[in-house]
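Q: If you scroll down you'll find the structure; I have some questions about it.
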Amino acid sequence: MMPKPLPPWPSPLSVGALLIAAVLILAFSPGEAYAQELPPQQVHRADFAPSSDEVFGVVRQFYDYDRSLPISPRTVESWEEDAITYEKVVFTTQNGERVPGILALPQSRDARVPVVLLVHGLGSSKDRWERDDRVDLRDSLLAAEIGVFAIDLQLHGERSAVNDYQNPVYLTFGDSLFTRNRDMVVESTIDARRALDYLSSRQELDPARMAVVGYSMGGGIALRLAALEPRLVAAVGCAVPTREAPLSTDPFNFAARATVPTLLLIGTDDWLSSPADVHTLHGLLPEGSDLTFFESGHSLPRKFTWEAAAWLIERFQ
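In my numbering, the protein residues as written are 136 to 452.
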């Protein structure tokens, strides 16, 4: 009896397809759900290993977008207060939605000024940066002649109508909602990149001096931008969650690829992180990055705004 022929060796094309399929499974699987239910001090990521260049190359494609798409910006209204010009603007993001934001510019500027993009957390909005415990960040930057731009992320603030005005916090509960939560995070990160497109188009602003500050979910977005956006000179991640996450959104995966100095501002008793994990995260960041702990939970004390502003002002000098 003749032996059966061996099956053909997979072609390079099929091998590539298998690799991409494997990456997609890793990148978009929810990971170990049980880790999210444990107390923060029991969730340690000391054994985290960054993904390979090939795997990360696939992951970053999900944050790419067509930069030829017009942003079609429009100033809805403007006003002046205490030598500051405020503009409510809207621009078009990659999925066709209109993104509202508030741009604040110092009137005393003599040349093009730096600008900081503010990215809010889950269930919040751009207006959160104007409340008493956070407004010092905006005011301190403006006093140093640095512009500030705060936007509403997908499903948040003035964009919540597409979700029937339901708070998107509910997307974090239940496996059936995992994909919607993941997609919201990815889309919101692209929204932030489109915001940088808009800021780069403003003649009052210096496109070579842009930075980002994000809080909680926004802190994770700030870390992604630190890896994805060569236009940034600095990033600040406040109250960044350090729990297990898929490769596609895991802040650890992006911290390992960050190319700009990054400041982490974290509460020692934050239920979404642990000091041990935060030290691991900080160790992945590039040279010039810093870490400050506050004796607080997920809600950082007001002084975090002063530290963030002072750190950014120094980076812009």
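Note that the Cβ used here is the ideal one computed from N, Cα and C, for glycine as well.
#1: Which class does V395 belong to by DSSP, given the choice of helix, strand or coil?
#2: What's the gap between the Cα of D332 and the Cα of V371?
#3: Quick check on L435: does DSSP put it in helix, strand or coil?
#4: So, is S424 buried or exposed, given that buried needs 16 or more other C-beta atoms within 10 angstroms?
#5: Give the straight-line distance between the Cα atoms of E339 and F183, rounded to the nearest whole angstrom.
#6: Would you please state the rounded distance, in angstroms, between the beta carbons of V321 and F191? I believe it to be under 8 Å.
#7: Can you give me the C-alpha to C-alpha distance between G258 and R337, rounded to a whole angstrom?
#8: What span of residues does the alpha helix (DSSP H) with A390 cover, start to end?
#9: Run the CB neighbour count on S213, radius 10 Å, all protein chains shown included, and call it buried at 16 or more, exposed below.
#10: Only counting runs of 4 or more residues, tell me where the alpha helix (DSSP H) segments fall wholly within the stretch 171-257, in order along the chain.
#11: How far does the beta strand (DSSP E) with T427 in it reach, from first residue to last?
#12: Please name the residue, chosen from P241, N302, V251, R233, that lies closest to S260 on a Cα-to-Cα basis.
#13: Please classify E364 as buried or exposed, where buried requires at least 16 other C-beta atoms within 10 Å of its C-beta.
#14: So which of L447, L416, Q242 has the shortest CA-CA distance to D217?
#15: If you follow the alpha helix (DSSP H) that R273 is part of, which residue opens it and which one closes it?
#16: Under 7 Å between the Cβ atoms of R209 and V225?
#17: Per the DSSP calculation, I401 is bridged to which residue(s)?
#18: Buried or exposed: A343, going by 16 or more other Cβ atoms within 10 Å of its Cβ?
#19: With distance defined between alpha-carbon atoms, name the residue in R180, S186, A181 nearest to N388.
#20: Hey, how far is the Cα of V234 from the Cα of S323?
#21: Is the stretch 405-417 touching the stretch 444-451, taking contact as three or more C-beta pairs under 8 Å?
#22: Along the chain, where does the alpha helix (DSSP H) that runs through A411 open and close?
#23: In angstroms, rounded to a whole number, what distance separates the CA positions of A327 and A357?
#24: Who pairs with F284 in a beta bridge, going by DSSP?
#25: What does the alpha-carbon distance come out to for the pair P376 and R359?
A: With the given structure in hand:
#1: As a first step, residue 395 is located in the sequence shown; it is residue number 260 there, counting from the start. In this structure, V395 counts as coil in the three-state DSSP scheme.
#2: Numbered from 1 along the sequence shown, position 197 holds the residue referred to as residue 332. Numbered from 1 along the sequence shown, position 236 holds the residue referred to as residue 371. Cα to Cα, D332 sits roughly 19 Å from V371.
#3: Locating residue 435 in the sequence shown gives position 300, where the first residue counts as 1. Reduced to three states, the DSSP call for L435 is coil.
#4: On the sequence shown, residue 424 is found 289 positions in, with the first residue counted as 1. Counting Cβ neighbours within 10 Å, S424 comes out buried, since at least 16 surround it.
#5: Residue numbering aside, residue 339 sits at position 204 when the sequence shown is read from its first letter. Residue numbering aside, residue 183 sits at position 48 when the sequence shown is read from its first letter. Straight-line Cα distance between these residues: approximately 42 Å.
#6: Along the sequence shown, one-based indexing puts residue 321 at 186. Along the sequence shown, one-based indexing puts residue 191 at 56. Their Cβ separation, rounded to whole angstroms, is 15 Å, which puts V321 and F191 out of contact at 8 Å.
#7: Position 123 of the sequence shown, counting from 1, holds the residue named residue 258. Position 202 of the sequence shown, counting from 1, holds the residue named residue 337. Each residue's Cα considered, the two are about 29 Å apart.
#8: If you number the sequence shown from 1, residue 390 lands on position 255. 386-390 is the span of the alpha helix (DSSP H), which, as asked, contains A390.
#9: As a first step, residue 213 must be located in the sequence shown, where it is residue number 78. With fewer than 16 other Cβ atoms within 10 Å, it is exposed.
#10: 188-195
#11: The residue you call residue 427 lines up with position 292 of the sequence shown. Looking at the DSSP string, the run of the beta strand (DSSP E) that includes T427 is 425-429.
#12: What you label residue 260 is simply residue 125 of the sequence shown in a count that begins at 1. Closest by alpha carbon: N302.
#13: The residue given as residue 364 occupies position 229 in the sequence shown. Answer is buried; the Cβ neighbour count reaches 16.
#14: Stepping through the sequence shown from its first residue, residue 217 is reached at position 82. When only C-alpha atoms are compared, the closest one is Q242.
#15: The sequence position of residue 273 within the sequence shown is 138, counting from 1. Looking at the DSSP string, the run of the alpha helix (DSSP H) that includes R273 is 270-278.
#16: Position 74 of the sequence shown, counting from 1, holds the residue named residue 209. Position 90 of the sequence shown, counting from 1, holds the residue named residue 225. In this structure, V225 lies closer than 7 Å to R209 by Cβ.
#17: Residue 401 sits at position 266 when you count from the first residue of the sequence shown. For I401, which the question treats as bridged, DSSP gives the partners F428.
#18: Against the sequence shown, residue 343 aligns to sequence position 208. So A343 counts as exposed.
#19: Position 253 of the sequence shown, counted from the start, is the residue given in the question as residue 388. When each option's Cα is compared against that of N388, the closest is S186.
#20: For the purposes of this step, residue 234 is identified with residue 99 of the sequence shown, where counting begins at 1. For the purposes of this step, residue 323 is identified with residue 188 of the sequence shown, where counting begins at 1. Their backbone Cα atoms lie some 10 Å apart in a straight line.
#21: no
#22: As a working note, residue 411 is residue 276 in the sequence shown. First-last of the alpha helix (DSSP H) with A411: 410-419.
#23: Along the sequence shown, read from residue 1 onward, the residue named residue 327 stands at position 192. Along the sequence shown, read from residue 1 onward, the residue named residue 357 stands at position 222. Whole-angstrom Cα-Cα distance: 9 Å.
#24: The count along the sequence shown starts at 1 and reaches residue 284 at position 149. In DSSP, F284 forms a bridge with L238, L252.
#25: Here the question's residue 376 lines up with position 241 in the sequence shown. Here the question's residue 359 lines up with position 224 in the sequence shown. Distance between the alpha carbons of P376 and R359 is about 13 Å.
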